[in-house]
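Using the UniProt record's numbering, the letters of the sequence shown correspond one by one to residues 1 to 277.
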Amino acid sequence: MSTAHDTYDLEKQHKLVDHPMHRLSQQSIQASHSQQIQQHQTQQQLPLHAHLEPEDVRVSPFQMDVNMNTPLNVLQSSTPPPNPGPFGLCAFALTAFCMGLYNLRAGVDPNAPGNFITGTAMFYGGLGQVIAGLLEYRNGNTFGGTTFCSYGLYWISYATLLIPSFGVAAAYADFPEDYMTAVGTYLLGWTIFTFLMWTLTWKSNLASSLLFFCLGMTYLFSTISSLAHLAPGNVVGRIGGGMGLITSSIAWYCAMADLSNSSNSYYTLPLGQLGRR
1 MSTAHDTYDL EKQHKLVDHP MHRLSQQSIQ ASHSQQIQQH QTQQQLPLHA HLEPEDVRVS
61 PFQMDVNMNT PLNVLQSSTP PPNPGPFGLC AFALTAFCMG LYNLRAGVDP NAPGNFITGT
121 AMFYGGLGQV IAGLLEYRNG NTFGGTTFCS YGLYWISYAT LLIPSFGVAA AYADFPEDYM
181 TAVGTYLLGW TIFTFLMWTL TWKSNLASSL LFFCLGMTYL FSTISSLAHL APGNVVGRIG
241 GGMGLITSSI AWYCAMADLS NSSNSYYTLP LGQLGRR
């Protein structure tokens, strides 16, 4: 009885194995397993940041080298870090706008003091750009970090020339011409730095290239006015003020180009992509 029963069970198992539905189920399992292995191999071959590539890539001002220097922790995040560029550009634009109007002597006496600019230069144009620059460094953008921190500290250092408690102007009370020479030398250094930064924008976009060129011309005319010991409100200084207004307008334009997108506005502003070699 035991032998006959065992033989019956064995024949039943063979019939189940040979059943068409059983064979189909086995084939489905094998196919699913093979597909999972293939997907795993494909994912391993993809670059680390493949899923982070945006659909619409726009090269924005002060973002020229972010792809080359992006840290690993940013690449691993599914949400890109916020762009501090517009904030830094707005801080720079407003301060340059006020300074440009003062250099133009628009509605003020040529000999009027420029102390009204100190608050804006210290906190918005100065501290604001330093913060933006540090955030650019965190995001891996060396160019943006260098420029924002540098010009932020420029505004802070320039404000010290106008604040009496720092005693800079008072130290030259008996040497007014030497004071103008010292200021001119100071501005000459920033002129050189700005034109050096301008050469690093030639492969980015037209807007940022024009921004640095006009800023360099602003420094240049201000430098000439100081080194030549020209009287306040002179023609050269006024030209520098006009260039400052143009520079601030371009900076605001770049900020709006970075901020405008399909989710918050009905328009986007072109930056004028330059050719890359």
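For each residue, glycine too, the CB sits at the ideal point set by N, CA and C.
{"Asked": "Option in G233, G242 and I224 with minimal Cα separation from R105", "Found": "G233"}
{"Asked": "Contacting residues, own chain, Cβ-Cβ under 7 Å from N261 (five flanking each side not counted)", "Found": "T268"}
{"Asked": "7 Å CB neighbourhood of residue 287 in its chain, flanking five on each side removed", "Found": "What the structure shows of the chain is the stretch from 1 to 277, and residue 287 is not part of that stretch, so it cannot be assessed."}
{"Asked": "CB contact check: G144 to chain D, cutoff 9 Å", "Found": "Given the protein chain composition of this structure (a single chain), no chain D is represented."}
{"Asked": "Separation of I131 from L94, as counted between CA atoms", "Found": "16 Å"}
{"Asked": "CA nearest to the CA of S150, picked from P80, F97, G133 and S165", "Found": "G133"}
{"Asked": "Counted within 10 angstroms of its Cβ, other Cβ atoms place A228 as buried (16 or more) or exposed", "Found": "exposed"}
{"Asked": "DSSP state of L205 mapped onto helix, strand, coil", "Found": "Note on identity: in this sequence residue 205 is Asn, with Leu being the wrong assignment. Of the three classes helix, strand and coil, the one that applies to N205 here is strand, per DSSP."}
{"Asked": "Bounding residues of the alpha helix (DSSP H) (the contiguous stretch that carries Y137)", "Found": "G128 to R138"}
{"Asked": "Closest residue to S225 among Y172, N83, L188 and F123 (Cα-Cα distance)", "Found": "L188"}
{"Asked": "Boundaries (first-last residue) of the alpha helix (DSSP H) holding P270", "Found": "From DSSP, P270 is part of no alpha helix (DSSP H); its letter is neither H nor E."}
{"Asked": "Assigned secondary structure, I163 (DSSP; H/G/I helix, E/B strand, else coil)", "Found": "coil"}
{"Asked": "Spatial neighbours of F92 in its chain, beta-carbon cut-off 7 Å, leaving aside the 5 residues before and after", "Found": "G125, Q129, Y151 and A251"}
{"Asked": "Proximity of G240 and Y253 at Cβ, strictly below 9 Å", "Found": "no"}
{"Asked": "Where the alpha helix (DSSP H) containing M243 begins and where it ends", "Found": "V235 to L259"}
{"Asked": "Closer than 8 Å: G216 CB and nearest the ligand MN heavy atom", "Found": "For the ligand MN, the structure offers nothing, since it holds no ligand at all."}
{"Asked": "Residue burial classification, L215 (beta-carbon count within 10 angstroms, cutoff 16)", "Found": "buried"}
{"Asked": "Where N83 falls, given that 16 or more other Cβ within 10 Å makes a residue buried", "Found": "buried"}
{"Asked": "Range of the contiguous alpha helix (DSSP H) that encloses F92", "Found": "G85 to L104"}
{"Asked": "Buried or exposed (CB count within 10 angstroms, at least 16 for buried), P47", "Found": "Note on P47: pLDDT 40, under 50, position unreliable in the model; the coordinate value appears next. The residue in question, P47, is exposed, as its Cβ has fewer than 16 Cβ neighbours within 10 Å."}
{"Asked": "Helix, strand or coil at F193 according to DSSP, with G and I counted as helix", "Found": "helix"}
{"Asked": "Distance between E177 and G272 (C-alpha atoms, nearest Å)", "Found": "44 Å"}
{"Asked": "Straight-line gap, M180 to K203 (C-alpha atoms, nearest Å)", "Found": "37 Å"}
{"Asked": "Euclidean distance between Cα positions of N264 and M256", "Found": "11 Å"}
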